[in-house]
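K.L.:
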Amino acid sequence: MNRLITTLLLTVLTSYAFAQDTFMVSGSVTDANNEGVVAATVILTSPRDSSFQMAAFSNEKGEFEIIDVPKGFYRLTISSVGFVSKIERVPLMNADKVFGNIVMEEDSKLLGEVQVKAKQVRVEMKGDTLQFNADAYKVNPDATADDLVKKMPGIQYQDGKLQAQGEDVKRVTVDGREFFGNDASAALKNLPAEIIDKIEVFDRLSDQSQFSGVDDGNTEKSINIVTKSGKSNGQFGKVYAGYGTDDRYNLGGNVNYFNEDLRISIIGLSNNINQTNFSSDDLLGVLGSSGSGRRGRGGRGGGSVGANSNDFLVNGQSGITNTNALGFNLTDNWGEKVKLNMSYFFNQTDNNSIDTLQQTTFLGENVTQDYREYHAGNKQNLNHRVNVRMQYDINKKNSLIFTPSLSFQNADITDYVDGKTDLVNEILNHTITSTNSNNDGYNVKFNLLYRHRFEKRGQTFSIGVGNNRSSQDYQSELLSEDQLNTNALDLNQVASKEVLNNSYDIRADYSQPLSERSSLRFSYKTDWADNESDQSTFDFNPETGGFNSLNENLSNSFLNQYNTQTMSAGYRYNKGREFMFFANLNYQIAELDGEQLFPQTLNTSRSFKNILPFAMLRYSISKEKNLRLYYRTSTNAPSITQLQNVVDNSNPLQLSAGNPNLDQESSHSLTFRYNSANLEKGSTFYAYLVGSYTLDNISNISTIATRDTVYNGIPLLRGASLSLPQNYGNSQSYRSFMTYGFPLASLKSNLNLNFGVSHSITPGLVNDLENVARNTGMTLGAVLGSNISEQVDFTLSYNGGYNIIGNTLQQDLNSNYYTQNIGLALNLLSKSGFLFNVKGTNTYLAGIEGFEQNFTLLSAKAAYKFMKKDQAELSLSAFDVLGQNNSISREITAAYVADNKSLVLNRFYMLNFTYTIRNFRPAKVRR
Numbered sequence: 015m016n017r018l019i020t021t022l023l024l025t026v027l028t029s030y031a032f033a034q035d036t037f038m039v040s041g042s043v044t045d046a047n048n049e050g051v052v053a054a055t056v057i058l059t060s061p062r063d064s065s066f067q068m069a070a071f072s073n074e075k076g077e078f079e080i081i082d083v084p085k086g087f088y089r090l091t092i093s094s095v096g097f098v099s100k101i102e103r104v105p106l107m108n109a110d111k112v113f114g115n116i117v118m119e120e121d122s123k124l125l126g127e128v129q130v131k132a133k134q135v136r137v138e139m140k141g142d143t144l145q146f147n148a149d150a151y152k153v154n155p156d157a158t159a160d161d162l163v164k165k166m167p168g169i170q171y172q173d174g175k176l177q178a179q180g181e182d183v184k185r186v187t188v189d190g191r192e193f194f195g196n197d198a199s200a201a202l203k204n205l206p207a208e209i210i211d212k213i214e215v216f217d218r219l220s221d222q223s224q225f226s227g228v229d230d231g232n233t234e235k236s237i238n239i240v241t242k243s244g245k246s247n248g249q250f251g252k253v254y255a256g257y258g259t260d261d262r263y264n265l266g267g268n269v270n271y272f273n274e275d276l277r278i279s280i281i282g283l284s285n286n287i288n289q290t291n292f293s294s295d296d297l298l299g300v301l302g303s304s305g306s307g308r309r310g311r312g313g314r315g316g317g318s319v320g321a322n323s324n325d326f327l328v329n330g331q332s333g334i335t336n337t338n339a340l341g342f343n344l345t346d347n348w349g350e351k352v353k354l355n356m357s358y359f360f361n362q363t364d365n366n367s368i369d370t371l372q373q374t375t376f377l378g379e380n381v382t383q384d385y386r387e388y389h390a391g392n393k394q395n396l397n398h399r400v401n402v403r404m405q406y407d408i409n410k411k412n413s414l415i416f417t418p419s420l421s422f423q424n425a426d427i428t429d430y431v432d433g434k435t436d437l438v439n440e441i442l443n444h445t446i447t448s449t450n451s452n453n454d455g456y457n458v459k460f461n462l463l464y465r466h467r468f469e470k471r472g473q474t475f476s477i478g479v480g481n482n483r484s485s486q487d488y489q490s491e492l493l494s495e496d497q498l499n500t501n502a503l504d505l506n507q508v509a510s511k512e513v514l515n516n517s518y519d520i521r522a523d524y525s526q527p528l529s530e531r532s533s534l535r536f537s538y539k540t541d542w543a544d545n546e547s548d549q550s551t552f553d554f555n556p557e558t559g560g561f562n563s564l565n566e567n568l569s570n571s572f573l574n575q576y577n578t579q580t581m582s583a584g585y586r587y588n589k590g591r592e593f594m595f596f597a598n599l600n601y602q603i604a605e606l607d608g609e610q611l612f613p614q615t616l617n618t619s620r621s622f623k624n625i626l627p628f629a630m631l632r633y634s635i636s637k638e639k640n641l642r643l644y645y646r647t648s649t650n651a652p653s654i655t656q657l658q659n660v661v662d663n664s665n666p667l668q669l670s671a672g673n674p675n676l677d678q679e680s681s682h683s684l685t686f687r688y689n690s691a692n693l694e695k696g697s698t699f700y701a702y703l704v705g706s707y708t709l710d711n712i713s714n715i716s717t718i719a720t721r722d723t724v725y726n727g728i729p730l731l732r733g734a735s736l737s738l739p740q741n742y743g744n745s746q747s748y749r750s751f752m753t754y755g756f757p758l759a760s761l762k763s764n765l766n767l768n769f770g771v772s773h774s775i776t777p778g779l780v781n782d783l784e785n786v787a788r789n790t791g792m793t794l795g796a797v798l799g800s801n802i803s804e805q806v807d808f809t810l811s812y813n814g815g816y817n818i819i820g821n822t823l824q825q826d827l828n829s830n831y832y833t834q835n836i837g838l839a840l841n842l843l844s845k846s847g848f849l850f851n852v853k854g855t856n857t858y859l860a861g862i863e864g865f866e867q868n869f870t871l872l873s874a875k876a877a878y879k880f881m882k883k884d885q886a887e888l889s890l891s892a893f894d895v896l897g898q899n900n901s902i903s904r905e906i907t908a909a910y911v912a913d914n915k916s917l918v919l920n921r922f923y924m925l926n927f928t929y930t931i932r933n934f935r936p937a938k939v940r941r
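Going by the working numbering, the letters in the sequence shown line up with residues 15 to 941, in that order.
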């Protein structure tokens, strides 16, 4: 290893002898008043090679930059709507070409209002970015960004989460700047569609990778909203209030102030109809769980159906929720060198839920037992969140990025669980459990990144330092009564648990060009993670009348350290923008140390050495087609909860505990992406395939007691289950997604088609018998979105899924089931101001015995617009007109199949008033 590093370093030192063979063309496009021209198209072509073309767009100041241009003579063409195109000669032989202000002349024909009809561009490929023209997708005047993107190919909601090209969207930015941190829903739910010029879908690189230009594989699916230049100055938003039957209410609004670089947004809401326009930081891990018997489960396959008054549900809580939220976002440039983004968000929720669960557990060949549960619960959650991002460009070669964040959470939870286990016709156990808990947590995080660019093009250095500190404090009361009069599971306890996590990381990257087409990249990263968990449980003492009897079997103090060092060296080869290949070899040393301090002392220590290769290939078949291929390897360490050997008896019939002997798991994945956009036809095609293979998979191993016994001193009655994490076997998963979108001129609409296949193989143990779960799912979807006018807007959608469930241990439970959702959204707006809106979704589920569903959620609104520019609206709305709303979900693992029904929001009527704010001023810069 030392010889390899020495060789690579010597290569870097000798590479300075290579001459510079690529250059940069830059400049500024202005009008006659010396104001920047935004989004001017800048194209560089070669007189000798007609196939050569490189392009860029001018930014908000009119500036443009084209990099990595080979030596030669070129022609630069600049064009923009309202201006006469301009051509400049560009010789690139010995140095970069830096233009001063390129002044554009206004087109007198356009100023004379001569109409020119051209075919509207719907979609374009910009390198690896797919860019949609918002004007090519008609929506009603009151539509949000969320309404707009759902009409675009490959963008859809799946199980309440926004997906683009088959992957979950992790970040939504506005003009490249963060909007309420990395909250993907805030921008889409609060920004009006009328201010949007473009929607960009891409895989966002890390800040260090963006600087070096090398994709290190740490990408996240992202959407960037590009605003119209004429809508970037002024005030806009809306405020609304409504009251309805059953004391339902809904009030809130969003107000935005845009003034050049300064942008301020304020959002707020208060309602009891399950509507949210934000995501919540779940520091305590309590928001997504329903009953206490289901805490910590991870579904592998399956799906859910149901409907809510809000399309975007972040944490998937069932039931009915009262929500209060307030947020503030600021974006500004401080001079020429400092860019600032900061946001604060507060939300408070009060959720009431009722669930019924039926779970079938595999005991052996042709032997199963059933667990049935009724759960009623209340969760009161409070969140504060602060995000800041500050970029300081010291000069053209040096910059700093500082990104601190702070979150607080408090949750009060009450659960009532009536659980019963049956074997054939025999009741094995039956308990009623009540729990009350108060939980507090905080998370403090910061990252500081320094970036430096050397004189030689492509030679860069960056170093980043980060810290993440979090704390969770749990206080709970547990009361359990055995309903079979054995008193074995009568419990009256209080418990406290404190978890502290503190981690640091340092990462340094260096890129060194070798020639015109190749470069080397070196990096070093080290992580330190210290975790502490201390749990104390006390039983009720009838003699003293207090909780002062320490239960050592349910108490534990545990320390965990996980430290890694990763050294990597990579080679990159690129041929212009047509072809790029990057290979990186990581050598990782990891140490996992665990120390149990109570009730017994126990030390565990393990070290791991891994070679983790990474490779990617990008090939541009043409300007409109490209493909990318990724190979990734990674490791995953067990969490302190998985390592801590203490029993969780919050549901006495379903116990769980940790395992201090866990090892890390390692994964290999192969990903293929293909993008194609036809500008002439306005069509787009995308294909995504990914396969992963995980060794030493950390899975939950289940033990079902065949007789009354104990585990670590805790009663485990016949029929009750114990779940323990264990490295067992190797798991596999495969998934594909394809989407094709194109316009239907005859219907003045856009049609988007999608198809996907998934398959997973998950081994597990149930009572020391291996069960391999093989789950296959197929999905087919279609969206027909109108493109007629703002007055007539409709969207028809279909989404169907066929699931094949297989188990080697209990083949009698192998099953196939089908889910289907058919949706309609219709908006009709008359010139006299009358508006009619209807949304309907039919949900059909077949193949699950006792859980078949066929219901339609229908909502409607009738409204009248008045005042200047129709800014005011009075409406009467109805939710769940047919009274059929329902919710059902299925969870499938190697140990069991569970079906769950949940309380949902039912029919109500509401009178609403909405006032829209539209006060735009002409921008100082123009197209």
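Cβ coordinates follow ideal geometry from the N, Cα and C atoms, glycine included.
I need the straight-line Cα distance from LYS242 to GLN473, nearest angstrom please.
P.N.:
Answer to the nearest angstrom: the Cα atoms are 36 Å apart.
K.L.:
Let me check understanding here. Comparing Cα to Cα, which of PRO757, SER670, VAL704 lies closest to GLN740?
P.N.:
It is SER670 whose Cα lies nearest to the Cα of GLN740.
K.L.:
Within the continuous alpha helix (DSSP H) that includes ALA198, where are the two ends?
P.N.:
That run of the alpha helix (DSSP H) goes 198-204.
K.L.:
On the CB-based measure, 16 or more other CB atoms within 10 Å of its CB, does GLU469 come out buried or exposed?
P.N.:
By the 10 Å Cβ count, GLU469 comes out exposed.
K.L.:
Between LEU4 and ASN785, which are expected to be in contact by the criterion C-beta below 8 Å, what is the C-beta distance as a whole number of angstroms?
P.N.:
Summary: the structure shown does not reach residue 4, with the chain confined to residues 15 through 941, and so no result is reported for it.
K.L.:
What are the start and end residues of the alpha helix (DSSP H) that includes ASP160?
P.N.:
Here the alpha helix (DSSP H) through ASP160 covers 159-163.
K.L.:
Can you tell me whether LEU611 is buried or exposed, with buried defined as 16 or more other CB within 10 angstroms of its CB?
P.N.:
It counts as exposed.
K.L.:
Is it true that the region 451-467 meets the region 675-691, where meeting means three or more beta-carbon pairs spaced less than 8 Å apart?
P.N.:
Counting Cβ pairs under 8 Å, fewer than three are found: no touch.
K.L.:
Thinking just about the alpha-carbon of each residue, which of THR618, LYS212, PRO418 is nearest to the one in ASP189?
P.N.:
When each option's Cα is compared against that of ASP189, the closest is LYS212.
K.L.:
Looking at the unbroken beta strand (DSSP E) that takes in GLN145, where does it start and where does it end?
P.N.:
First-last of the beta strand (DSSP E) with GLN145: 143-147.
K.L.:
Along the chain, where does the beta strand (DSSP E) that runs through ILE715 open and close?
P.N.:
From DSSP, the beta strand (DSSP E) with ILE715 extends over 712-718.
K.L.:
Can you tell which of ARG732, SER716, VAL513, ILE715 has its C-alpha closest to the C-alpha of THR723?
P.N.:
That would be ARG732, whose Cα lies nearest to the Cα of THR723.
K.L.:
For ALA826, which of helix, strand or coil comes out of DSSP?
P.N.:
The question names Ala, but residue 826 in the sequence shown is Asp. ASP826: helix per DSSP, three-state reduction.
K.L.:
Which one of SER803, ARG646, GLY791 has the shortest CA to CA distance from TYR816?
P.N.:
Nearest option by C-alpha distance: GLY791.
K.L.:
Taking its Cβ as the centre, do 16 or more other Cβ atoms sit within 10 Å of ARG620, making it buried, or is it exposed?
P.N.:
Exposed is the call here.
K.L.:
Indicate whether ALA912 and ALA787 have their beta-carbon atoms separated by less than 7 Å.
P.N.:
No, they are not a contact pair.
K.L.:
Between the C-alpha atoms of PHE225 and ALA157, what's the straight-line distance to the nearest angstrom?
P.N.:
If I take the Cα positions, the gap works out to 36 Å.
K.L.:
Could you give the distance in angstroms between the alpha-carbon of GLN383 and the alpha-carbon of GLY672?
P.N.:
Cα to Cα, GLN383 sits roughly 24 Å from GLY672.
K.L.:
Look up ASN760 in the DSSP assignment and say whether it is helix, strand or coil.
P.N.:
Looking at the sequence itself, residue 760 is Ser, so the reference to Asn does not match. Helix at SER760.
K.L.:
Rounded to whole angstroms, what is the Cα-Cα separation between ASN516 and THR649?
P.N.:
Between ASN516 and THR649, the C-alpha separation is close to 20 Å.
K.L.:
Just to confirm, is the Cβ distance from SER419 to ASN343 under 7 Å?
P.N.:
Going by C-beta atoms, SER419 is not nearer than 7 Å to ASN343.
K.L.:
What first and last residue would you give for the alpha helix (DSSP H) that runs through GLN497?
P.N.:
Where GLN497 is concerned, there is no enclosing alpha helix (DSSP H), given that its DSSP letter is neither H nor E.
K.L.:
In the DSSP output, what is ASP189 paired with across the bridge?
P.N.:
None; ASP189 has no bridge partner.
K.L.:
Pick out whichever of VAL269, THR685, MET581, HIS466 has its Cα sitting closest to the Cα of LYS623.
P.N.:
Residue MET581 is the option with its Cα nearest to LYS623.
K.L.:
In this structure, how does DSSP classify ILE209 when only helix, strand and coil are distinguished?
P.N.:
The answer is helix: DSSP assigns ILE209 an H, G or I state.
K.L.:
Could you check the C-alpha separation between ASN781 and ARG521 for me, to the nearest Å?
P.N.:
Spanning the two alpha carbons is a distance of roughly 45 Å.
K.L.:
Would you mind reading off the limits of the beta strand (DSSP E) that contains LEU730?
P.N.:
Looking at the DSSP string, the run of the beta strand (DSSP E) that includes LEU730 is 728-730.
K.L.:
Give me, in chain order, the residues of the same chain whose beta-carbon lies closer than 6 Å to that of ASN841; leave out the 5 immediate sequence neighbours on both sides.
P.N.:
For ASN841, where only same-chain residues beyond five positions count, the Cβ hits under 6 Å are ASN154, ASP807, ASN851.
K.L.:
Which whole-angstrom value describes the C-beta separation of THR698 and VAL137, a residue pair presumed to lie in contact below a C-beta threshold of 8 Å?
P.N.:
Yes, THR698 and VAL137 are in contact; Cβ-Cβ is about 5 Å, under 8 Å.
K.L.:
Following the continuous beta strand (DSSP E) through ILE654, name the residue where it begins and the one where it ends.
P.N.:
Careful: ILE654 lies outside any beta strand (DSSP E), inside the alpha helix (DSSP H) at 654-657.
K.L.:
Does the Cβ of GLY315 have 16 or more other Cβ atoms within 10 Å, making it buried, or fewer, making it exposed?
P.N.:
Because the pLDDT at GLY315 is just 33, under 50, the model does not fix this residue reliably, and the point stays unresolved.
K.L.:
Helix, strand or coil for SER223 per DSSP?
P.N.:
Correct three-state label for SER223: helix.
K.L.:
Mind checking who GLY837 pairs with in its DSSP beta bridge?
P.N.:
In the DSSP output, where bridge partners are listed per residue, GLY837 has SER811, THR855.
K.L.:
Could you pull the DSSP bridge partners for SER636 from this structure?
P.N.:
DSSP output for SER636 lists LYS639 as bridge partner(s).
K.L.:
From the DSSP output, in three-state form, read off SER846 for me.
P.N.:
Looking at SER846 - three-state DSSP - the assignment turns out to be coil, as it is neither helix nor strand.
K.L.:
With DSSP as the reference, label ALA860 as helix, strand or coil.
P.N.:
In the structure shown, ALA860 sits in a strand (DSSP, three-state: E or B).
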